[in-house]
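Below: the structure, in structure tokens.
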Amino acid sequence: EDQVTQSPEALRLQEGESSSLNCSYTVSGLRGLFWYRQDPGKGPEFLFTLYSAGEEKEKERLKATLTKKESFLHITAPKPEDSATYLCAPNSNSGYALNFGKGTSLLVTP
Amino acid sequence: DTAVSQTPKYLVTQMGNDKSIKCEQNLGHDTMYWYKQDSKKFLKIMFSYNNKELIINETVPNRFSPKSPDKAHLNLHINSLELGDSAVYFCASSQEWRGRGPTDTQYFGPGTRLTVL
């Protein structure tokens with residue numbers, strides 16, 4: 003059975019304090035691993051898709067990386083507007099839809 | 062332009078009532094989805110439609126019935142509402158069903174918060 007675990011559940015950072023969020027997954031054949039950002043009261047907003055181990059993608063202060071068992075979302079010098087819940091979702095060959103983790107709730111304080 | 066829209070945004074109703082949530086996408090996508098996000102913020106797939114045909118039906122009570130009048134619309138009808146149905150329901154769409162590369166990317170609507178009293 004496909005599984006996905008995100009850690010930590012919650013993370014509080016000071017503005018400018020870099021850190022990483024983890025997404026550990028077990029799937030039978032990875033078709034792609036998706037990262038989304040969700041603000042309170044809104045729908046998930048697409049950030050990245052990674053398709054193979056070793057792949058990296060960047061967007062502003064965010065960089066996503068992928069290995070065969072994990073994905074990391076690195077946040078460099080975060081700002082308060084980066085505060086949100088970050089969701090990862092591996093998409094497997096045997097699955098029919100995105101299998102979301104429970105997310106990491108990030109709070110960045112000034 | 063709103064890519065994926067849902068109505069209503071909030072829905073408060075009594076137990077036992079029947080209600081519908083509407084979803085429309087203007088992205089020209091072939092596949093649409095319904096997800097449920099519970100009080101613990103866990104987002105779980107309920108249904109998926111590809112070209113107006115049901116392709117996923119997870120373990121969801123048959124009180125929930127999706128209807129797709131055309132590729133751009135996927136509505137969710139819920140009969141005999143129960144307290145446990147209270148949640149936020151998200152509609153999403155992707156270009157293809159099990160496509161390759163970017164066509165797999167799902168785009169989400171703003172959600173409908175359903176409260177059953």
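These protein sequence lines are chains B and E, in that order.
Heads up, the final residue of the first sequence is numbered 112 in this note's numbering, and it's a clean run with no missing numbers.
Heads up, the final residue of the second sequence is numbered 178 in this note's numbering, and it's a clean run with no missing numbers.
Quick reminder that beta carbons are idealized off the backbone N, C-alpha and C, glycines included.
Checklist entry - Exposed or buried, A66 of chain B, counting other C-beta atoms within 10 Å across all chains shown (16 or more means buried)? => result buried
Checklist entry - Beta-carbon of F125 of chain E versus every beta-carbon of chain B: anything under 8 Å? => result no
Checklist entry - At a cut of 8 Å, does the segment 123 to 132 of chain E reach the segment 166 to 177 of chain E through at least three beta carbon pairs? => result no
Item to check | Closest residue to P82 of chain B among B:L15, B:K71 and B:S22 (Cα-Cα distance) | outcome: B:L15
Next on the checklist: Can you check whether the C-beta of Y94 of chain E is within less than 8 Å of a C-beta belonging to chain B?
Outcome noted: yes
Checklist entry - Is P69 of chain E buried or exposed, if buried means 16 or more other CB atoms sit within 10 Å of its CB? => result exposed
Item to check | C-alpha gap between N45 of chain B and Y88 of chain B, whole angstroms | outcome: As written in the sequence, residue 45 of chain B is Gly, which differs from the Asn given in the question. Taking the straight line from one Cα to the other gives about 12 Å.
Item to check | Y96 of chain E, enclosing beta strand (DSSP E) - first and last residue | outcome: T92 to Q98
Next on the checklist: Rounded to the nearest angstrom, what separates P80 of chain B and Q98 of chain E at their Cα positions?
Outcome noted: 27 Å
Checklist entry - DSSP on D131 of chain E, reduced to helix/strand/coil? => result strand
Next on the checklist: Between K102 of chain E and chain B, is the shortest Cβ-Cβ distance under 8 Å, so that the two count as touching?
Outcome noted: yes
Item to check | Contact list for the segment 50 to 69 of chain B against chain E, Cβ threshold 8 Å | outcome: T51 and Y53
Checklist entry - Do the segment 82 to 92 of chain E and the segment 104 to 120 of chain E make contact, defined as three or more Cβ pairs closer than 8 Å? => result yes
Checklist entry - Roughly how many angstroms lie between the CA atoms of T120 of chain E and S85 of chain B, to the nearest whole one? => result 33 Å
Next on the checklist: I need the DSSP call for P92 of chain B, collapsed to helix, strand or coil.
Outcome noted: strand
Next on the checklist: With H, G and I counted as helix, E and B as strand and the rest as coil, what does DSSP make of G145 of chain E?
Outcome noted: helix
Next on the checklist: Given a cut-off of 8 Å on the beta-carbon distance, is the pair R33 of chain B and N93 of chain B in contact?
Outcome noted: yes
Checklist entry - How would you list, in chain order, the residues of chain E whose beta-carbon sits under 8 Å from the beta-carbon of L89 of chain B? => result L104
Next on the checklist: For A148 of chain E and R174 of chain E, I'd like the C-alpha separation in whole angstroms.
Outcome noted: 6 Å
Next on the checklist: Taking 8 Å as the threshold (beta carbon to beta carbon), is G89 of chain E in contact with chain B?
Outcome noted: no
Checklist entry - What do you get for T106 of chain B, buried or exposed, if any count of 16 or more other CB atoms within 10 angstroms of its CB means buried? => result buried
Next on the checklist: Just to confirm, is the Cβ distance from E57 of chain B to L68 of chain B under 8 Å?
Outcome noted: yes
Checklist entry - From the beta carbon of Y71 of chain E, is the nearest beta carbon of chain B less than 8 Å away? => result no
Checklist entry - Does the separation of the CB atoms of S30 of chain B and L52 of chain B fall below 8 Å? => result no
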